[in-house]
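A.B. asks: Using the numbering used here, the letters of the sequence shown correspond one by one to residues 4 to 585.
Beta carbons: idealized from backbone N, C-alpha and C, even for Gly.
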Amino acid sequence: MTTSLVSVDSLLVIDVGASTTRALLFDVVEGRYRFLAAGSAVTTAGIPFRDIGEGVQRAVDHLESISGRLLLRDDESIILPSAADGSGVDALVATLSIGYPLKVVAVGLLEDVSVESACRLTSTIYAEVVETLSLNDRRKQDDRIDLLLRTRPDLVIAAGGTEGGADQSVKRLLETVGLACRLLPETQRPQVLYAGNQAVQKDIRAMLEGVTSLHYAPNIRPTLESEDLDAAQLQLANIYQQISAKKVRGVQELSNSANGHMLPTATAFGRMIRFLSRLYDPAKGVLGVDVGASATTISAGFAGYLTTGVYPEFGMGSSLPGILKQTSAKKIMQWLTVDLSEDDVRDYIFYKAAYPTSIPATLEEIALEQAIIREAIRLGVKQTVPGFPADVNGPGTGLLPWFEPILVRGMPFIQASTPGRALMTLLDGLQPTGVTTVLLDQSNLAAALGAAAEINPTLVVQVLENNMQNLGAVISPVGESRPGTPILRLQATFADGSETRTEIKYGTIEVLPVPLGQIVNLRLQPLHRFDIGMGPGRGGRLRMVGGILGLVIDARGRPITLHTDAARQRELFGKWLWTLGN
Numbered sequence: 004m005t006t007s008l009v010s011v012d013s014l015l016v017i018d019v020g021a022s023t024t025r026a027l028l029f030d031v032v033e034g035r036y037r038f039l040a041a042g043s044a045v046t047t048a049g050i051p052f053r054d055i056g057e058g059v060q061r062a063v064d065h066l067e068s069i070s071g072r073l074l075l076r077d078d079e080s081i082i083l084p085s086a087a088d089g090s091g092v093d094a095l096v097a098t099l100s101i102g103y104p105l106k107v108v109a110v111g112l113l114e115d116v117s118v119e120s121a122c123r124l125t126s127t128i129y130a131e132v133v134e135t136l137s138l139n140d141r142r143k144q145d146d147r148i149d150l151l152l153r154t155r156p157d158l159v160i161a162a163g164g165t166e167g168g169a170d171q172s173v174k175r176l177l178e179t180v181g182l183a184c185r186l187l188p189e190t191q192r193p194q195v196l197y198a199g200n201q202a203v204q205k206d207i208r209a210m211l212e213g214v215t216s217l218h219y220a221p222n223i224r225p226t227l228e229s230e231d232l233d234a235a236q237l238q239l240a241n242i243y244q245q246i247s248a249k250k251v252r253g254v255q256e257l258s259n260s261a262n263g264h265m266l267p268t269a270t271a272f273g274r275m276i277r278f279l280s281r282l283y284d285p286a287k288g289v290l291g292v293d294v295g296a297s298a299t300t301i302s303a304g305f306a307g308y309l310t311t312g313v314y315p316e317f318g319m320g321s322s323l324p325g326i327l328k329q330t331s332a333k334k335i336m337q338w339l340t341v342d343l344s345e346d347d348v349r350d351y352i353f354y355k356a357a358y359p360t361s362i363p364a365t366l367e368e369i370a371l372e373q374a375i376i377r378e379a380i381r382l383g384v385k386q387t388v389p390g391f392p393a394d395v396n397g398p399g400t401g402l403l404p405w406f407e408p409i410l411v412r413g414m415p416f417i418q419a420s421t422p423g424r425a426l427m428t429l430l431d432g433l434q435p436t437g438v439t440t441v442l443l444d445q446s447n448l449a450a451a452l453g454a455a456a457e458i459n460p461t462l463v464v465q466v467l468e469n470n471m472q473n474l475g476a477v478i479s480p481v482g483e484s485r486p487g488t489p490i491l492r493l494q495a496t497f498a499d500g501s502e503t504r505t506e507i508k509y510g511t512i513e514v515l516p517v518p519l520g521q522i523v524n525l526r527l528q529p530l531h532r533f534d535i536g537m538g539p540g541r542g543g544r545l546r547m548v549g550g551i552l553g554l555v556i557d558a559r560g561r562p563i564t565l566h567t568d569a570a571r572q573r574e575l576f577g578k579w580l581w582t583l584g585n
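#1: Which class does E574 belong to by DSSP, given the choice of helix, strand or coil?
#2: With DSSP as the reference, identify every bridge partner of S302, one or two as the case may be.
#3: Is the separation between the beta-carbon of A121 and that of V110 shorter than 8 Å?
#4: Measuring CA to CA, which of R381, S344, Q386, K385 is closest to N368?
#5: Suppose only complete runs of 4+ residues qualify. What are the alpha helix (DSSP H) ranges in the region 241-280, listed by chain order?
#6: State the Cα-Cα distance for the pair S137 and S90, rounded to the nearest angstrom.
#7: Since G320 and S297 should fall inside the 8 Å C-beta cutoff, what is the C-beta to C-beta distance between them, to a whole number of angstroms?
#8: Among M471, Q445, Q434, whose alpha-carbon lies nearest the alpha-carbon of I478?
#9: Taking 8 Å as the cut-off, decide whether the C-beta atoms of L426 and G383 are in contact.
#10: For D568, does the count of other Cβ atoms within 10 angstroms reach 16, so buried, or fall short, so exposed?
#11: To which residues does DSSP link S479 through a beta bridge?
#12: Drop a sphere of 10 angstroms on the beta-carbon of N259, count the other beta-carbons inside from all chains shown, and report buried for 16 or more, exposed for fewer.
#13: Between Q445 and Q472, which are expected to be in contact by the criterion C-beta below 8 Å, what is the C-beta distance as a whole number of angstroms?
#14: Can you tell me whether A86 is buried or exposed, with buried defined as 16 or more other CB within 10 angstroms of its CB?
#15: Hey, which unbroken runs of the beta strand (DSSP E) at 3 residues or more fall wholly within the region 350-383?
#16: At what residues does the beta strand (DSSP E) containing L182 begin and finish?
#17: Assuming A271 contacts G20 under a Cβ cut-off of 8 Å, what Cβ separation, rounded to an integer in Å, is found between them?
#18: What is the residue span of the alpha helix (DSSP H) that E468 lies within?
#19: Which residue's Cα is closest to the Cα of P225: A198, N241, T215?
#20: If you count every other CB in all the chains shown that lies within 10 Å of the CB of V195, and 16 or more means buried, which is it?
#21: Using the C-alpha atoms, what's the distance from G325 back to Q144?
#22: So, is I50 buried or exposed, given that buried needs 16 or more other C-beta atoms within 10 angstroms?
#23: Could you pull out every residue in the same chain whose Cβ sits closer than 6 Å to the Cβ of K106, ignoring the five residues on either side in sequence?
#24: For the region 40-105, which segments carrying the alpha helix (DSSP H) assignment without a break, of at least 4 residues, lie completely within its bounds, in sequence order?
#25: Rounded to the nearest angstrom, what separates D590 and N200 at their Cα positions?
#26: Between which two residues does the beta strand (DSSP E) containing F416 stretch?
#27: Whole angstroms are fine: how far does the CA of E189 sit from the CA of R123?
#28: On the DSSP bridge assignment, give the partners of I148 in chain order.
#29: With DSSP as the reference, please indicate the residues paired to A161 in a beta bridge.
#30: Leaving out five residues on either side along the sequence, give the residues of the same chain with a beta carbon under 7 Å from the beta carbon of D342.
#31: CA-CA distance, E57 and T46?
#32: Throw me the rounded Cβ distance for the R381 and G432 pair, which I believe falls under 8 Å.
#33: Within the chosen definition, does the region 456-472 reach the region 487-506 through at least 3 CB pairs nearer than 8 Å?
#34: Would you be able to state if there are at least three C-beta pairs under 8 Å between the region 17-37 and the region 286-300?
#35: Which one of I535, R561, L554 has the shortest CA to CA distance from G587?
#36: Checking the sheet assignment: what are the DSSP bridge partners for G405?
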C-alpha cells in the first residue's frame, strides 16, 4: 500500500472506560502510521473524585513516561498542536463509557412496531429501557405520569407514526411526558429525543420546548416495514455525552479539548466494524464482539449497514449482577470447566461487580469468569440478531450468519491464560458458522481507530494492518449428527508443497497446525448435508491463513448441544481445551 498524504500527523486518543482510562499515541514512523505506546490509569469518574480529569492526567503521565514524549503543559492541559521540539500532538479524539447506564423510557404507538424500534435504538448506547408507554397499554394518564415520576428517567425516546401517518395519538403520548416534566424539578427532568412522524415536530416543539431539553432525529420507523436508526444513533451518542457531562466533571472539558471529537466507546467500535464491512467480502458480514467493564457490545456490519447491541447488564463491571435477570446461575454453570456450585457463580458475579479491575488468578476464578463471558456473549448475540437485515446470508433461523472476519476485543480475551482459552470462550458463546477468521484486538485499539476514522482514515487502515492478531482460521460445519460420525473430509496443501488428509468427526474440535501467517490451500467436502457456507453437502476449495492456533475445525454442530451430565460435559470441555493447547 502506498502512503497517502495526510494533513494530521500525530494523534492522541483518550479512552475513558468504566474501570480504566487509557491514553494511546499514534504517529508517523518511516512514512507510515504506527501505534507507538499506551498509558493507563484507574478511571476517576466515581467516588472520591467524580471527575474523569484526574484519571486522564494520570494516564497521559504514564504515556509520557513510556514514550519519552512531553504531552502535558505545566497546567496539565494537553499540548495541541505539536510544537517544533516534538512535544504535544496534532490531534486529539476521545471515547467514553463511564458510570451506570442511562435510564430510558421508550414511547411509541404500537409495542411491536415503534416501541420496539425505540428499544432497539436504546440498545445502541450505554442505556437500559426502564419502562415503555404506548397506545397498547391500558393505564390511565395519571398512572403514566406516576410511572415517569417514579422511574425518573434520564431520557425519553419517542417514536411512532409513519411518515404522513398518525399524529394526534403521538401528541397525546408526548403530552403525558410534558405534564410529568412540569411536575419534576428542572434538574431532574428527562431529556427527550423525538424520532417519530416528522410532520408533528412543530407541535412537539410547541409542547415541550422550554420545558425540557428537546432533540430531534429522522423517523426511525418511516414505514411499518422499514426501520432506520443511523441518524438517530448519532443524535443519541451526543445526548449520552451531554448527560454524562452533567453527572461527571471533566467530560465536557475533554470534549472541548478534542474539538468535539468524542464518541461513546460502543459507537466508535461500531464505526470500526462498519468500516471493515466495506473492505471485506460483501457476501458476508463483519462481526465485532467487545466484552468490557461497562457492557458487552455486539456489532455487525453488512457492506456498510450496521447493527449494534450494547448490553450494560452483561458488562464485567458494576452492572454485572444484571445478567441474573436475563439468565440463571444454573445456566451459567453449564459452561464451567470445573466443578462449582450455583452459589459460587453468584458470589463471583457480585465480587466482580465490586472489583471490576480484578484479574482471575485461580483455576476456579478463570473458569467462572469465562463461563460468565460465554453466557453474556450468547445472550448478547440472541438479542442483537433480530436487528440484522432480513436478507443476510447464513445457514438459517436461530443461527449466526456467515461472517468474515470476527473481531474480538476486551481485557478478558487479552489477559486469557492461553490463546486456546480465549478462542474457546468465543466459540462457545458466539457459535460462529461456516468459514471465518478470528482476530484479537490485542492492544484494544478498535474503538480508538473508529473514533479516529472521521479525521484520519489513512491512519486507521495502516495501523489495522499490524495490530490485529490472528487467533486462528475457523471452520464450523453446520448440522447435527451422532458423536463420532464423520462429517467433513479435508485435504490441506501447505506452502512447502506437503499435503495432509483428515476426516473430521462430529462432536470434536480439531487443530491443523498451520504456521502463523502461512497460506494453506484447502479442499473441503462436507458429509451428511453439513454446510460450511457453500450449501448443504457442497464442498470446494479455499485459501486460508494460519493463526496463532493454526486452523481450527469446530465440529460440535450448531447450535452446540451440551451433555446433560455435567461431569461428562466438564470432561469434554477439558478435552477440547487440551486440543487448543489449554
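C.D. replies: In brief:
#1: helix
#2: G291, T311
#3: For A121 and V110, yes; Cβs fall inside 8 Å.
#4: According to the sequence as given, residue 368 is Glu; it is not Asn. Nearest option by C-alpha distance: S344.
#5: 254-260, 268-280
#6: 56 Å
#7: Correct: roughly 6 Å between the Cβ atoms.
#8: Taking only the C-alpha atoms, the option nearest I478 is Q434.
#9: no
#10: exposed
#11: The bridge partners DSSP lists for S479 are G437.
#12: exposed
#13: 4 Å
#14: exposed
#15: none
#16: Unbroken run through L182 is the alpha helix (DSSP H), 171-186; no beta strand (DSSP E).
#17: Not a contact, Cβ separation roughly 12 Å.
#18: 460-470
#19: A198
#20: buried
#21: 30 Å
#22: With fewer than 16 other Cβ atoms within 10 Å, it is exposed.
#23: V133, P156, D157
#24: 55-70
#25: Examination of residue 590 is not possible in this model, given that the chain is present from 4 through 585 alone.
#26: Unbroken run through F416 is the alpha helix (DSSP H), 414-417; no beta strand (DSSP E).
#27: 28 Å
#28: According to DSSP, I148 bridges with nothing at all.
#29: V110, Y197
#30: R573
#31: 8 Å
#32: 5 Å
#33: no
#34: yes
#35: The question about residue 587 has no answer, for the chain in this structure spans 4 to 585.
#36: Before going further, note that residue 405 is Trp rather than Gly in the sequence given. Looking at the DSSP assignment, W405 forms a beta bridge with T436.
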